[in-house]
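Keeping their order, the protein sequence lines are chains S and G. Counting in the working numbering, the first sequence runs from 584 upward without gaps. Counting in the working numbering, the second sequence runs from 3 upward without gaps. Glycine included, each C-beta is placed from N, C-alpha and C at the ideal position. Data first, discussion second: the structure below is written as structure tokens.
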Amino acid sequence: MKSVYQKFLALILLLPISAIADWDLNLTKGVTPISREIYDMHMVTLWVVTIIGILVFSVMFWSIFHHRKSKGVKASKFSHSTTVEIIWTIVPTVIIIALAIPATKLLIKMDDTSEAKITIKATGIQWKWKYDYLDEDITLYSSLDTKSQEVGQRDSGLNPMEHENYLLDVDEPLVVPINTKLRILTTAEDVIHAWWVPDLGWKRDAIPGFINDNWAIIEKAGTYRGNCTEICGKGHGYMPIVVKAVSMEDYEAWIDDKKALKLAALESQNKTLTMDESMAEGEKVYKKQCLMCHQANGQGVPGAFPALAGSEIALKKENTLEHLYRIIYGKNLMPKFGDQLSDVEIATVTTYERNAWGNNTGDLIQPKEVAEARKNQTK
Amino acid sequence: MSTLAQDTHHDHDHKPTGLKRWFFSTNHKDIGTLYLIFALTMFFVGGGMAMIIRAELFQPGLQFVDPQFYNSMVTIHALVMIFGAVMPAGVGLANWMIPLMIGAPDMALPRMNNMSFWILPFAFALLLSTIFMQGGGPAGGWTMYPPLVLQTGEAFPFLIFAIHFLGISSIMGAINIIATVFNMRAPGMSLMQMPLFVWTWVITSFLLIASLPVLAGAVTMLLTDKYFGTSFFNAAGGGDPVLFQHIFWFFGHPEVYILALPAFGIVSSIIPTFSRKPLFGYASMVYATASIAILSFFVWAHHMFTVGLPIKGELFFMYATMLIAVPTGVKVFNWVATMWKGAMTFETPMLFAIAFVILFTIGGFSGLMLGITPVDFQYHDTYFVVAHFHYVLLTGAVFALMAAVYYWLPKWTGYMYDERLGKIHFWLSTIAANVLFFPQHFLGLAGMPRRIPDYNIQFADFNMISSIGGFAYGLTQLLFVYIVIKCALGGKKSKAKSWEGARGLEWTVPSPAPFHTFETPPKIRKEMLENG
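What follows is the structure in structure tokens.
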């Protein structure tokens, strides 16, 4: 069955369309065995419908050019023919069955997630991805890169055309080894998202309370980009997915690095920060995590996202703890950042918010205060 | 009996005047006109939103609107176009034409007819007012998937109640059509002699009655989830967000055919007229329409292939979806066979009808591609889908509605429209619509997701082309309004039978059709019928 299709494909692909395939007109072939089979299935279907279309429309246009009143044609009166009606019911049915058979085989293949070597859980969060390497106890948060965030602000005055990976770049890509069966689970914390990297050949919804599983074997090292594909609110266009596929050795080295970083972060929690240091670090954290909603000038978006500049919470001394709680535990649309930000990051961003945009409270928050705040309230 | 006949004779030119005529109307022609004007207005409201969308997507970067507002435009554009433009336009045509086509004096339930129209302006006032509310309009997509839709602000209850009202209005319209067709056909007109337009509307009405209560139930569950602490769709409370999608698409897929079937009926009237030849395979057309309608209740999950259905479910819905191609193919073949060996002329209605056949078929082809589950994992929620449903809904349903307006406008106004302008409108619309939507196939295949306000620079060229097509299409429709108004005000007088090849009872009454028609049932002779 398959070889017939391949011959058919080979014949068709001699046509000039393959020459313009580079020009982002067509589906990607991708870098996994499945994505290539999907591409083949796509091409076969595309050509089947194209040929049917050409046949049907040729008959129609022949009729339009020849059977017109201006050529003095007298209309015939026939209005049915059981024979042709049976033929044009059966022929499409046969074509559909011929398409359904390879589609079924492919679907069954895609469904088999057994014998995966590495399992990664991708969790959609408004508006970033969280990746848990379940076998390694490593978690990373992957958000839109700072440059895209800056360029993407309305009236930023910056030209997106100068940023090649505009809206398709992240601060922390998902790193995976090549030639290894990866099992990728998708779920979500708040609303439904969808995880899609075209080069891997599929997308899958990430649904709060449910876990979907999928697999991929990436055969070529490289960086593969995709987006969230289920509308998930204001930041839907701003939560890309970047997969960096590397050799197994590089992957293992990367895992070791991540583990070392995790230890270092734990140690830094006992540090005492200075004001300058806090403001510089805090601004970085703010740009990455908070800017999308609260805006670069801290003014928020009226009616949707409250202003931080001049706000009660950020100005009054007695609200300092409440300020930390909001960041750690979230409130309403404000997501909880307690899991993804370290004590140092929460301390510095809080200091930043209490001193930027004319807030000038002079408050300096230390990591150990954050650690206390985490203990005080157990939600 | 004789006094009644006299009264009706007097009534011929006696109709209520002023506001009363329109607010309290129980006349199928006036209500049909109201529906059509309302639909055209909403077409421009929804179209205006589409222009905002295309303006924002003209270039990468955010130029005009914020992402939240962009999302609300995407959401309300769809709701307005589906429930405000295409459905009311179809009901308007049904109101005007069904009594004329079956030789009935009016719709069976004229007061309900009035109510089902007048609910609409209020429903849309509720829906459109949300744009000006704290937190903006609904922005979770017209599909209203929870949990996202539950994050809507003050607009939320307005959205839900607007949907309830729209549903009530459509169900009343559907009941009315069924009651009319089954009870008020002129003696001698059997079901299998009715014009296909009437048949498609009967079948559409059953779809409406079966599917809209399901939508009403789904949105009511959203309402209680948000305000009354239920957890139908909340996983943390033991519910299931995917359940909503199942219920929604159990309504949503038949809804697609609610929009498309009347278009099939229109085209099945127009092609025989201008081919001067009877419709090919009338009976198989009726059966194909019914098969499509029945199948439409068994394919809903093809909108949800990526939610993680069990493989058996995915296979079932893939096979059922692909099966729809068979009756749809039969229809297309029948239209081509109707043209075959006819004596065709190409007035504007025929041009729109032919464009419908070609472009709807292209939308059908991409539909078949989308129906193949493993490949849908790539296409799903990309611009490929956007291109697909705009081919079937804009160059499909809307083109057929335009064809219908040109076809019956002489019957409604008594004047012929300006044929030269009509043809200009056709060509500009067709070219613009293809410039608008064809490149979106490429965008989707290249990886651009739908419902995003901004995009990577690799998508810049096609988006710009698409936007140019969009602006051209939008502008061209102003010409349509001009043509319709011009035709309503005057022009060449139309005969009772406006088109040489036209058949059917509507062409036996004068043009413009008098306020009351068929007060005594017509004596039906076979050659009067569209499908004698």
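Examine chain G for any beta-carbon lying closer than 7 angstroms to the beta-carbon of R619 (chain S), and answer yes or no.
no
Rounded straight-line distance, which links the Cα of K803 (chain S) to that of V614 (chain S):
6 angstroms
Assign D605 (chain S) to one of two classes, buried (16 or more other C-beta atoms within 10 Å of its C-beta) or exposed (fewer than that).
With a pLDDT of 44 at D605 (chain S), under the threshold of 50, the modelled position of this residue cannot be trusted; read the value that follows with caution. By the 10 Å Cβ count, D605 (chain S) comes out exposed.
Beta-carbon separation of L210 (chain G) and S171 (chain G) under 7 angstroms?
no
When burial is assigned at 16 or more other CB atoms within 10 Å of the CB, is E745 (chain S) buried or exposed?
exposed
What is the rounded straight-line gap between the Cα of I294 (chain G) and the Cα of I205 (chain G)?
10 angstroms
6 angstroms CB neighbourhood of M404 (chain G) in its chain, flanking five on each side removed:
F354
Out of S:I680, S:R737, S:W671 and S:D796, which has the shortest C-alpha to C-alpha gap to W785 (chain S)?
S:D796
K713 (chain S), buried or exposed, once every other Cβ within 10 Å from all chains shown has been counted against 16
buried
List the residues that DSSP assigns as beta-bridge partners of H776 (chain S).
S:A789
Consider the Cβ of E668 (chain S): report whether some Cβ of chain G lies at a distance smaller than 7 angstroms.
yes
Does the segment 304-311 of chain G come into contact with the segment 222-242 of chain G, if we say contact requires no fewer than three beta-carbon pairs (one atom in each stretch) closer than 8 angstroms?
no
Cutoff 7 angstroms: G735 (chain S) Cβ touching any chain G Cβ
yes
At least 3 beta-carbon pairs within less than 8 angstroms: the segment 80-89 of chain G vs the segment 194-208 of chain G
no
At the level of alpha carbons, what is the spacing between F167 (chain G) and K660 (chain S)?
47 angstroms
Report yes if the C-beta distance between T944 (chain S) and R937 (chain S) is below 7 angstroms; otherwise report no.
yes
At least one CB of chain S closer than 7 angstroms to the CB of V550 (chain G): is that the case?
Nothing in the structure corresponds to residue 550 (chain G), since chain G is present only between 3 and 534.
Spell out whether any CB of chain S is found under 7 angstroms from the CB atom of H518 (chain G).
no
Taking Cβ positions only, does I374 (chain G) come closer than 7 angstroms to chain S?
yes
Please go through the same chain and pick out, in chain order, the residues whose beta-carbon is closer than 8 angstroms to the beta-carbon of P215 (chain G), but skip the five residues on each side of it.
G169 and I173
Cβ closer than 8 angstroms: which chain S residues qualify as neighbours of A345 (chain G)?
H650, R651, K652, V656, K657 and A658
Below-7 angstroms beta-carbon distance, K609 (chain S) vs any chain G residue:
It is worth fixing the name first, because residue 609 (chain S) is Asn in this sequence and not Lys. Yes, N609 (chain S) counts as interfacial toward chain G.
Using 7 angstroms as the limit for Cβ to Cβ distance, is Q8 (chain G) near chain S?
Any reading at Q8 (chain G) is ruled out, since the residue's pLDDT is 43, under 50, leaving its predicted position unreliable.
Counted within 10 angstroms of its Cβ, other Cβ atoms place I910 (chain S) as buried (16 or more) or exposed:
buried
Judging by CA-CA distance, which residue of G:G424, G:W410, G:G63 and G:G139 is the nearest neighbour of S739 (chain S)?
G:G63
Which of helix, strand or coil does DSSP assign to H248 (chain G)?
helix
For A863 (chain S), the nearest candidate out of S:E928, S:D922, S:V826 and S:L608 (CA to CA)
S:E928
Buried or exposed: which applies to W509 (chain G), given that a residue is buried once 16 or more other Cβ atoms fall within 10 Å of its Cβ?
buried
For the alpha helix (DSSP H) that contains N116 (chain G), what are its first and last residues?
P112 to S131
Is T615 (chain S) helix, strand or coil when you go by DSSP?
coil
Given a limit of 7 angstroms on CB to CB distance, which residues of the segment 760-787 of chain S reach chain G?
D773, V774, I775, A777, P781, G784, W785, K786 and R787
Kindly indicate which residue of G:A91, G:P101, G:P69 and G:K499 has the alpha-carbon position closest to the one of F46 (chain G).
G:A91
Does chain G have any CB closer than 7 angstroms to the CB of P743 (chain S)?
yes
Which two residues bound the contiguous beta strand (DSSP E) that contains G805 (chain S)?
G805 to C811
Chain S contact residues for E535 (chain G), given Cβ-Cβ distances below 9 angstroms:
Absent from the structure is residue 535 (chain G), since the part of chain G shown begins at 3 and ends at 534.
C-alpha gap between L370 (chain G) and P743 (chain S), whole angstroms
36 angstroms
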